[in-house]
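Notes follow once the structure below has been shown.
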Amino acid sequence: MSSLGPEPLEENFTAQDFAACLPGKSKRSIKSVLLDQTIIAGVGNIYADESLFISRIKPDRLVSSLTGNEIDKLHLAIRTCMQQSIADGGSTMKDYVDSEGLRGEYLDLHAYVFNRAGHPCRICGTDIRKVKVAGRGTHFCHNCQK
Ligand SMILES: [Zn+2]
1 MSSLGPEPLE ENFTAQDFAA CLPGKSKRSI KSVLLDQTII AGVGNIYADE SLFISRIKPD
61 RLVSSLTGNE IDKLHLAIRT CMQQSIADGG STMKDYVDSE GLRGEYLDLH AYVFNRAGHP
121 CRICGTDIRK VKVAGRGTHF CHNCQK
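Put into structure tokens, the structure is as follows:
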């Protein structure tokens with residue numbers, strides 16, 4: 001069994017800890033690293049897309065290209081997203097995946113990009129795009145995210 005990475009909601013999980021567990025020189029995309037449970041545990045596809053939007057980072061950016069400031073912002077964004085989802089009931093993602101046509105409350109209330117391809121960005125109005133990164137459907141705003 002390969003071991004799991006740290007849980008981002010652990011109280012003592014600082015931005016420094018987050019930076020330390022990222023493979024800093026990696027040519028992998030930040031999205032694929034966020035989804036890698038051996039690096040950081042519990043960040044699913046929705047959280048990854050939303051966190052990257054909030055921190056203004058394009059999902060296909062290489063980990064090695066991220067600045068310290070971007071890593072700090074991403075750390076905060078992941079924690080904010082996951083806490084918000086728990087506050088809204090937590091199980092909404094499962095509902096979303098399992099039940100046809102049932103949208104989780106988290107998505108309706110807070111999603112900036114997830115499952116919003118073709119809809120206007122809530123910040124700038126540009127159409128949200130959907131591409132594949134790390135083999136997963138990945139949603140982002142071409143204008144807001146660098
Ligand atoms: Zn935008």
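For the sequence shown, position 50 (counting from the first letter as 1) is numbered 50 according to this note's numbering, and the numbering increases by one without interruption.
Yeah, the Cβ is synthetic: ideal placement off N, Cα and C, and Gly gets one too.
Asked, Found
"Any non-hydrogen atom of ligand 1 closer than 7 Å to Thr126 Cβ", "yes"
"Delimiting residues of the beta strand (DSSP E) encompassing Phe140", "136-140"
"Coil, strand or helix - Ala20 by DSSP", "helix"
"At least three beta-carbon pairs within less than 8 Å, the region 18-26 to the region 110-122", "no"
"Through-space distance from Thr126 to Gln145, alpha-carbon basis", "11 Å"
"Boundaries (first-last residue) of the alpha helix (DSSP H) holding Lys25", "Here Lys25 belongs to no alpha helix (DSSP H), and DSSP marks it neither H nor E."
"For His142, the nearest candidate out of Asp60, Arg79, Val43 (CA to CA)", "Asp60"
"Own chain, CB closer than 7 Å to Asp98, minus 5 neighbours either side, in chain order", "Its pLDDT being 42, under 50, Asp98 is placed unreliably in this model, and the coordinates cannot settle the point."
"Rounded C-alpha distance that separates Asp72 from Leu52", "12 Å"
"Anticipated Cβ contact below 8 Å, Ala117 with Arg136, distance rounded", "Actually they do not touch by this definition, with Cβ atoms about 13 Å apart."
"8 Å Cβ cutoff met for Ile54 and Ala87", "no"
"Cys141 Cβ short of 7 Å to ligand 1 heavy atom set", "yes"
"Three-state secondary structure (DSSP) of Arg116", "coil"
"Proximity test, Ile54 beta-carbon vs ligand 1 heavy atom, cut-off 7 Å", "no"
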